[in-house]
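Data block below; observations after.
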Amino acid sequence: MSSLKDKNIALGVCGSIAAYKIASLIRLLIKQGANVQVIMTRDAAEFITPLTLSTLSKNPVLIEYYDKKTGLWNNHVELGLRADLMIIAPASANTISKLANGLCDNLLTATYLSAKCPVYLAPAMDLDMWKHPATQHNVQKLLSYGNTVIPPGDGELASGLVGEGRLAEPEEIIDFLLSHLNPNLPLKGKKALVTAGPTYEAIDPVRFIGNHSSGKMGYALAERLQQLGAEVTLVSGPTALQTPKNTVRIDVQTAQQMLQACQQHFADADIIVMSAAVADYTPIDVAPQKIKKKAEDFSIQLKKTTDILAFLGSNKATHQTLVGFALETENELENAKGKLSRKNMDFIVLNSMQDKGAGFGIDTNKVSILSKSGEIRDFTLKSKAEVADDICQVIVQHQQLIEQHS
Ligand code: CTP
């Protein structure tokens, strides 16, 4: 039986071009057996007619506190208390800002303040509005109130720009809700932080020190952790990959930016998987202009970057599972064991460059997983999705052990 069956859903619709997708979302919610009560802002009614949404939801659509035709007052307290679930989709930057700051100048925002049920927000806006620190700060505030954000998708936006900010597709919203509400998923309620891809360390405005990491392994891990019920934040260096469904992606370029993003999300995370190929060194000075070809010999002075994994390992809490990677070309086991204990990890995933089908850019991998307790598990050559599954099984077992002992 669907976990949405017989649920009373207060569906808040804000003014955004993405409001047209809500017609499909309502149909899918009804198909799951939910009762849907739509509450729109006035602007939302400019984008899609209340008649369309009331016909599909089989309920009158509410916009104003007071209905002039019927003479009835739309009681936001009752609406909020009756709801088993509140979904705000599309959630505009304006409404997100109001909710984060407790404003209630319309029926939707007042219902939010009165609701005691879980609240899910599916943002939709232009990529720069989504990325703006003010919006991100408001989103963090809503997360701190216990609300859940259904991550926006990546792609073409109504402005013509391409990037993150698209309302998640109705099917994705339903998948997200079903997996979030499913009590049987092993990582339900857990938060995961995953790093992926290379870092680029600038030499001058057009050149950088980088590496061949494609990010495929990290993205496969983020996807699998999400499927197992975790809320995933993916900190990604430059890659050409699509953001995995229903994960929050933070784009970074340099090791320093990756460190800052990890520091911001580390304390909240139960699971941390560091699969990024982080530069160990970065130029001491970045030339402000393109460096011109002059002398026969040329050298760049480098300084060490902070070892992000070692930093997180030294601050690790008892509820956390910390997983790192090692890509080795010689003395593989010995080097991996050294890193495992030096950086205080629970597990290290070892890739050997000597194994055919393992390493950067390809779709397969061959790994061994070494645990803190000395166990070594060798796996055969597999697709990166299957390797991600093997790693996630180890993580699930570790999280279960942590729960048994807490
Ligand atoms: N790592 C990190 N920050 C760095 C360097 C590495 O978080 N500045 C992480 C990687 O994400 C990986 C693990 O540390 O999970 C091991 O990375 P690797 O480059 O193999 O190890 P190093 O400690 O840098 O050792 P070396 O380069 O000497 O092999």
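Residue numbers 1 to 406, in full-length UniProt numbering, belong to the letters of the sequence shown in order. We put the beta carbon where it would ideally sit given N, CA and C, even for glycine. Here the structure is a predicted model, which means the values were calculated and not measured.
Here the region 223-239 lies against the region 192-210, with 3 or more beta-carbon pairs under 8 Å apart. If you ignore the 5 residues before and after A388, its C-beta comes within less than 6 Å of the C-beta of A220, L221 and R224, all in its own chain and listed in chain order. By the C-beta criterion, the region 309-323 is judged to be in contact with the region 343-363, since at least 3 inter-stretch pairs fall below 8 Å. Closer than 7 Å to some heavy atom of the ligand CTP: that does not describe the Cβ of V387. For the pair K7 and L85, the CB atoms are nearer than the 8 Å cut-off. If you check the CB distance, I9 and A34 come in under 8 Å. E231 is classed as buried because its beta carbon has at least 16 other beta carbons within 10 Å across all chains shown. Going by beta carbons, L187 and V396 fall inside the 8 Å limit. Per DSSP, the unbroken beta strand (DSSP E) holding T195 starts and ends at K191 to A196. In this structure G12 touches I88 by the C-beta definition: roughly 4 Å separates them, less than 8 Å.
Beyond the five residues adjoining it in sequence on each side, G338 comes within less than 7 Å, by CB distance, of no other residue in the same chain. Between the ligand CTP and L350, a heavy atom-to-CB distance of less than 7 Å is absent.
By the neighbour-count criterion, in which a residue is buried when 16 or more other Cβ atoms sit within 10 angstroms of its Cβ, D270 is buried. For I96, the enclosing alpha helix (DSSP H) has its first and last residue at A93 to A100.
Distance from the CA of V367 to the CA of Q226, rounded to the nearest whole angstrom, comes to 22 Å.
Runs of the beta strand (DSSP E) spanning 3 or more residues and lying entirely within the region 227-266 occur at 231-236 and 248-251, in chain order. Per DSSP, reduced to three states, the secondary structure at A110 is helical.
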